[in-house]
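Shown next, in structure tokens, is the structure this report addresses.
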Amino acid sequence: MLLNQGFKVTTRMLQRDLQSLYDQGCFGLEKDTRSKPYGWSINAQWRGGSAKIMSSEVAEHYLLLEQLLPQSVPSYVKQSVHTKAEQALKRVNGHVPEWLSILPKPSLKVNIDTQLVAQIKHAIEYNRAVSAELYRVLYDEAHWLKFAELSVYNLVEQGGVLMAQFMVGTLHDKCYQMPVYRIRNVHILQKTRREPSTEQLESLRSAINKGMSQEAIELIVKVPSHSAVNQGFIELGELTDKQHIDEKSVLVTYQTIDTEQLTDELFKCAHWLEVIKPEKLRQRIFSKLKAAANIYK
Numbered sequence: 007m008l009l010n011q012g013f014k015v016t017t018r019m020l021q022r023d024l025q026s027l028y029d030q031g032c033f034g035l036e037k038d039t040r041s042k043p044y045g046w047s048i049n050a051q052w053r054g055g056s057a058k059i060m061s062s063e064v065a066e067h068y069l070l071l072e073q074l075l076p077q078s079v080p081s082y083v084k085q086s087v088h089t090k091a092e093q094a095l096k097r098v099n100g101h102v103p104e105w106l107s108i109l110p111k112p113s114l115k116v117n118i119d120t121q122l123v124a125q126i127k128h129a130i131e132y133n134r135a136v137s138a139e140l141y142r143v144l145y146d147e148a149h150w151l152k153f154a155e156l157s158v159y160n161l162v163e164q165g166g167v168l169m170a171q172f173m174v175g176t177l178h179d180k181c182y183q184m185p186v187y188r189i190r191n192v193h194i195l196q197k198t199r200r201e202p203s204t205e206q207l208e209s210l211r212s213a214i215n216k217g218m219s220q221e222a223i224e225l226i227v228k229v230p231s232h233s234a235v236n237q238g239f240i241e242l243g244e245l246t247d248k249q250h251i252d253e254k255s256v257l258v259t260y261q262t263i264d265t266e267q268l269t270d271e272l273f274k275c276a277h278w279l280e281v282i283k284p285e286k287l288r289q290r291i292f293s294k295l296k297a298a299a300n301i302y303k
């Protein structure tokens, strides 16, 4: 009897969380209302999430999922979500498109440690450094890592997840952000926190490129109207323009960074995606296609 009641409570909680994610449009969730409890499935376009370049939308959803994850789920599911959330963290610590900041904020409410948030706000207000433990996934294993000194300079809400923005130690010059739920054991130090310069704040956007100086380009690609690129499931940079050529094709323009990773992603899609500009990147893809064709002659 008790087991049956516990199962019903767990089912109701799961249905509630799935409904919340469904209302936010997360993970392409689809709801079947023909029976109760409702049946749930994931849209086919979301199931093949193997792209190396994770979109901002997908990254935010993985951080939301990690934040909502019940303790009762199997450990292998938790580990899978934690690993994906770690990839998502790298995405949100990289280049964040300007259009993302003007999207309406999600209404999903998630319980957070109010005392922890109050400590961080106090440290920001009184210009104090803190020590804390951060939750990181290293070599597919999750760890709470102790940091002796962090300079937290801002709290922002991004995609429904409250993020702390900070610098590490006294010598490290990059800026990072971390979901507040991935922080614990905060202790306010007597040390004055470091204030990031404008140049250091830019490191938050370039962290995804490991701090390497790489050329900014305007990328124009021609894609089918129904493609994952046109629908926003794959992002190749900051979307700046979209023009419908006809019913079947769209020209999509991005501001992005010319990296080997970008070239590889474009080459993988070359059977349905055409690079229009820049010409040197178009020639690079053409050379790869020519070399591949020579192998299969």
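Numbering-wise, this note's numbering puts 193 at position 187 of the sequence shown, and it's gapless, one number per residue.
Glycine included, each C-beta is placed from N, C-alpha and C at the ideal position.
- prompt: Does the beta-carbon distance from Gln73 to Tyr187 come in below 8 Å?
  reply: Counting from 1 along the sequence shown, the entry for residue 73 is found at position 67. Counting from 1 along the sequence shown, the entry for residue 187 is found at position 181. It is a contact, given that the beta carbons lie within the stated cut-off.
query: Who does Val229 pair with in a DSSP beta bridge?
result: As a first step, residue 229 is located in the sequence shown; it is residue number 223 there, counting from the start. According to DSSP, which records beta bridges pairwise, Val229 is partnered with Val256.
task: Look at the alpha carbon of Leu245 and the alpha carbon of Gln196, and state the distance between them as a whole number of angstroms.
output: For this step, residue 245 is matched to residue 239 along the sequence shown. For this step, residue 196 is matched to residue 190 along the sequence shown. Near 44 Å, if we compare the C-alpha coordinates of Gln196 and Leu245.
message: Using 8 Å as the cut-off, can you tell me whether the stretch 247-263 makes contact with the stretch 85-94, which would need three or more C-beta pairs spanning the two stretches below that distance?
response: no
query: Count the other CB atoms within 10 Å of the CB of Val192; is the residue buried (16 or more) or exposed (fewer)?
result: The residue labelled residue 192 in the question sits at position 186 within the sequence shown. Taking every protein chain shown into account, the CB of Val192 has 16 or more other CB atoms within 10 angstroms, so this residue is buried.
- request: Measure the alpha-carbon distance for Ile301 versus Leu295 and round it to whole angstroms.
  value: Sequence index remark: in the sequence shown, residue 301 carries index 295 (1-based). Sequence index remark: in the sequence shown, residue 295 carries index 289 (1-based). The straight-line gap from Cα to Cα measures roughly 10 Å.
message: Applying the 10 Å Cβ sphere with the 16-neighbour rule, what's the burial state of Pro112?
response: The residue you call residue 112 lines up with position 106 of the sequence shown. Interpretation of Pro112 is limited by its pLDDT of 45, a score under 50 that renders its predicted location unreliable; the figure taken from the coordinates is listed afterwards. Buried, because 16 or more other Cβ atoms sit within 10 Å of the Cβ of Pro112.
Strand pairing of Ile282, partner residues [DSSP]: Translated into the one-based positions of the sequence shown, residue 282 becomes position 276. Paired residues: none, contrary to the question.
query: So Glu221 and Thr259 are in contact, right, with Cβ under 8 Å, and what is the actual spacing, rounded?
result: Working through the sequence shown from its first residue, we reach residue 221 at position 215. Working through the sequence shown from its first residue, we reach residue 259 at position 253. So it is not a contact: roughly 17 Å between Cβ atoms.
task: Alpha carbon to alpha carbon, how far is Leu95 from Leu69? Give it in angstroms, no decimals.
output: One-based indexing of the sequence shown puts residue 69 at position 63. One-based indexing of the sequence shown puts residue 95 at position 89. Approximately 8 Å between the Cα atoms of the pair.
query: Is Tyr132 helix, strand or coil by DSSP?
result: Here residue 132 refers to the residue found at position 126 when the sequence shown is read from its first residue. Note: Tyr132 maps to coil in three-state DSSP.
- prompt: Under three-state DSSP, which class holds Lys180?
  reply: Your numbering for residue 180 matches position 174 in the sequence shown. It is coil, neither helix nor strand.
query: For the candidate residues Leu156, Tyr141 and Phe292, whose alpha-carbon lies nearest to that of Ala129?
result: Sequence index remark: in the sequence shown, residue 129 carries index 123 (1-based). Checking every option, the nearest Cα to that of Ala129 belongs to Leu156.
Collapsed DSSP secondary structure at Ala234 in the structure displayed: Start at 1 with the first residue of the sequence shown, and residue 234 comes out as number 228. Note: Ala234 maps to coil in three-state DSSP.
Buried/exposed call for Glu253, threshold 16 Cβ in 10 Å: As a position in the sequence shown, residue 253 is number 247, starting the count at 1. Exposed, because fewer than 16 other Cβ atoms sit within 10 Å of the Cβ of Glu253.
message: Tell me the rounded alpha-carbon separation between Met169 and Ser293.
response: By 1-based counting over the sequence shown, the position of residue 169 is 163. By 1-based counting over the sequence shown, the position of residue 293 is 287. Taking the straight line from one Cα to the other gives about 43 Å.
field: Option nearest Arg199 by Cα separation, candidates Leu242, Tyr132 and Ser81
entry: Here the question's residue 199 lines up with position 193 in the sequence shown. Nearest of Leu242, Tyr132 and Ser81 to Arg199, Cα basis: Tyr132.
query: Helix, strand or coil for Gln85 per DSSP?
result: On the sequence shown, residue 85 is found 79 positions in, with the first residue counted as 1. Three-state DSSP puts Gln85 in a helix.
message: Looking at the secondary structure, which residues open and close the beta strand (DSSP E) in which Thr198 lies?
response: Working through the sequence shown from its first residue, we reach residue 198 at position 192. Counting along the chain, the beta strand (DSSP E) containing Thr198 begins and ends at Ile189 to Thr198.
query: Taking buried to mean at least 16 other C-beta atoms within 10 Å of its own C-beta, is Pro76 buried or exposed?
result: Start at 1 with the first residue of the sequence shown, and residue 76 comes out as number 70. By the beta-carbon neighbour count (other beta carbons within 10 angstroms, threshold 16), Pro76 is exposed.
- request: Given a cut-off of 8 Å, decide if Ile126 and Leu161 are closer than it, judged by their beta-carbon atoms.
  value: For the purposes of this step, residue 161 is identified with residue 155 of the sequence shown, where counting begins at 1. For the purposes of this step, residue 126 is identified with residue 120 of the sequence shown, where counting begins at 1. Yes, Cβ-Cβ distance for Leu161 and Ile126 is below 8 Å.
message: Among Ser203, Arg142, Leu207 and Gln249, whose alpha-carbon lies nearest the alpha-carbon of Val227?
response: The residue labelled residue 227 in the question sits at position 221 within the sequence shown. Checking every option, the nearest Cα to that of Val227 belongs to Gln249.
message: Quick check: the Cα distance between Gln21 and Lys42, rounded to an integer number of angstroms?
response: Taking the first residue of the sequence shown as 1, we reach residue 21 at position 15. Taking the first residue of the sequence shown as 1, we reach residue 42 at position 36. Approximately 10 Å, taken between the alpha carbons.
Residue environment, Val167, which counts as buried when at least 16 other CB atoms sit within 10 Å: Within the sequence shown, residue 167 is the residue found at index 161, counting from 1. Buried, since its Cβ has 16 or more Cβ neighbours within 10 Å.
task: Taking all protein chains shown into account, decide if Met218 is buried (16 or more other Cβ within 10 angstroms of its Cβ) or exposed.
output: Within the sequence shown, numbered from 1, the residue matching residue 218 stands at position 212. Only weak support is given to the placement of Met218: the predicted model assigns it a pLDDT of 41, under 50, and the value that follows is read from those uncertain coordinates. Classification of Met218: exposed, given that the 10 Å Cβ count is below 16.
Phe273 to Ile240 span [Cα, whole Å]: In the sequence shown, the residue the question calls residue 273 occupies position 267. In the sequence shown, the residue the question calls residue 240 occupies position 234. Whole-angstrom Cα-Cα distance: 14 Å.
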